[in-house]
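In this note's numbering, the protein residues as written are 9 to 163.
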């Protein structure tokens, strides 16, 4: 029924050249674990899902019904699913760009509605902390609108 899916191994938030094909993410994770990967993050090609697994590889005796050509000890992979992450394309980059712009600008009162320089301080460290707390409270659409306004002002 379902066809083969392709899962790209991620290191940090970057794709690698290793692509595993399987019907289910667990099968792809087992392939990655058999290669010795411990923290397995697999991006499902064509979707925004990242399947997160913990992998391990143990050196065990071969099974009793194993073929004669199989060595006495083999590597056996095991994985445990940690969860699924949903990618929001470019949101983290946009958030970082907005933070960098806000710390560079002298006038950010329109950006934070006057709460930026509480207590008369105006150094970049205080601005950065205030901006972080603001960004945590904003919805995704509000952040995107904010970034568009900032990039329009740059041109």
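Note that beta-carbon positions come from the ideal geometry of N, C-alpha and C, so glycine has one too.
Treat the numbers as computed from the prediction; the structure is a model and nothing was measured.
Going by DSSP, what residue range makes up the alpha helix (DSSP H) through residue 95?
By 1-based counting over the chain shown, the position of residue 95 is 87. Segment: none, residue 95 is in no alpha helix (DSSP H) and carries neither H nor E.
Residue 24 in three-state terms, based on DSSP
As a first step, residue 24 is located in the chain shown; it is residue number 16 there, counting from the start. Residue state, collapsed to three classes: strand.
Under 8 Å, with one C-beta from each stretch per pair, do the region 70-77 and the region 51-59 reach the 3-pair mark?
no
Going by beta carbon distance, what residues of the same chain come within less than 6 Å of residue 123, once the five residues before and after it are set aside?
On the chain shown, residue 123 is found 115 positions in, with the first residue counted as 1. Reliability fails at residue 123, whose pLDDT of 44 lies under 50, so the model's placement of it is uncertain and the value that follows must be treated cautiously. There are no such residues.
Can you grab the Cα-Cα spacing for the pair residue 38 / residue 150, in whole Å?
Position 30 of the chain shown, counted from the first residue, corresponds to residue 38. Position 142 of the chain shown, counted from the first residue, corresponds to residue 150. Distance between the alpha carbons of residue 38 and residue 150 is about 40 Å.
Could you check the C-alpha separation between residue 85 and residue 27 for me, to the nearest Å?
The residue given as residue 85 occupies position 77 in the chain shown. The residue given as residue 27 occupies position 19 in the chain shown. In this structure, the straight-line span from the alpha carbon of residue 85 to that of residue 27 is close to 17 Å.
Measure the alpha-carbon distance for residue 18 versus residue 78 and round it to whole angstroms.
Stepping through the chain shown from its first residue, residue 18 is reached at position 10. Stepping through the chain shown from its first residue, residue 78 is reached at position 70. Spanning the two alpha carbons is a distance of roughly 32 Å.
Is it the case that the Cβ atoms of residue 50 and residue 75 are separated by a distance below 8 Å?
Residue 50 sits at position 42 when you count from the first residue of the chain shown. Residue 75 sits at position 67 when you count from the first residue of the chain shown. No, these two residues do not count as a Cβ contact at 8 Å.
CB contact flag (residue 2, residue 63, <8 Å):
With the chain covering only 9 through 163, there is no way to say anything about residue 2.
Give me the Cα-Cα distance between residue 22 and residue 81, rounded to the nearest whole angstrom.
Your numbering for residue 22 matches position 14 in the chain shown. Your numbering for residue 81 matches position 73 in the chain shown. Distance between residue 22 and residue 81, taken at the CA atoms: about 34 Å.
DSSP state of residue 35, grouped into three classes?
The count along the chain shown starts at 1 and reaches residue 35 at position 27. DSSP places residue 35 in helix when its eight states are reduced to three.
Between residue 30 and residue 13, is the Cβ-Cβ spacing less than 8 Å?
Within the chain shown, numbered from 1, the residue matching residue 30 stands at position 22. Within the chain shown, numbered from 1, the residue matching residue 13 stands at position 5. Cβ atoms of residue 30 and residue 13: closer than 8 Å.
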